[in-house]
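Written out below as structure tokens is the structure these notes cover.
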Amino acid sequence: FENGYTFTTRPRRLDDYAAMCHYQQTAPESTFTQRLICSRATEHGRISLSASRLIVTANGKRDEHLLANAGEIRVVLQQHFDIALSTQDVQTMFNSIGMELDS
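What the sequence shown shows, in the numbering used here, is residues -2 to 100, in sequence order.
The structure is reproduced here in structure tokens:
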């Protein structure tokens, strides 16, 4: 068994996290370089877009919806995350991680 995370009450500075942040953003084995994910907290839970799956968790209830194409993903990014991309940009992002989407 190997510890992945250790929690302490020792105060930390923001730059203490720089090395791990860089790793998560750039390492080929990092989840964040292998798939697309966007997530934000809400008043009652969380909204996440994981690849082409929209996950809405509110008041302890989790709903998942599979999005059919790049156009639907574009709309979700705009409506839930205030991220404005063209359908082509969404398609390009998915292609960059080896995922094909219908247009």
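C-beta atoms are modelled at their ideal positions from N, C-alpha and C, and glycine is treated no differently.
Since this is a predicted model, take the numbers as computed values, not measurements.
Need the endpoints of the alpha helix (DSSP H) that residue i sits in, please.
i, result
"Asp86", "Thr84 to Ser93"
"Ala28", "Here residue 28 turns out to be Thr, not Ala, going by the sequence shown. Element bounds for Thr28: Thr28 to Gln31."
Per DSSP, residue i is paired with what?
i, result
"Leu101", "Outside the displayed range of the chain (-2 to 100) lies residue 101, so it cannot be described from this structure."
"Ile44", "Arg37 and Val53"
"Arg136", "Outside the displayed span of the chain (-2 to 100) sits residue 136, for which this structure offers no information."
Residue range of the beta strand (DSSP E) that residue i falls in?
i, result
"Ala15", "Per DSSP, Ala15 belongs to no beta strand (DSSP E); it is in the alpha helix (DSSP H), Ala15 to Thr23."
Less than 6 Å between C-beta atoms, sequence neighbours within five positions excluded: which residues of the same chain meet that for residue i?
i, result
"Ser45", "Ser36 and Ile52"
"Gln21", "Ser27 and Phe29"
"Thr102", "With the chain covering -2 to 100 only, the question about residue 102 has no answer from this structure."
"His41", "Ala55 and Asn56"
Return the chain-ordered list of same chain residues with a C-beta closer than 7 Å to the C-beta of residue i, the five sequence neighbours on each side being excluded.
i, result
"Val73", "Leu46, Leu51 and Leu64"
"Leu82", "Arg71 and Leu74"
"Ser49", "Leu63, Leu64, Ile70 and Leu98"
Does the distance from the C-beta atom of residue i to that of residue j stay below 8 Å?
i, j, result
"Arg32", "Ile94", "yes"
Open item on the list: Using 8 Å as the cut-off, can you tell me whether the stretch 72 to 84 makes contact with the stretch 54 to 61, which would need three or more C-beta pairs spanning the two stretches below that distance?
Closed with: Output reads no: the stretch 54 to 61 does not touch the stretch 72 to 84.
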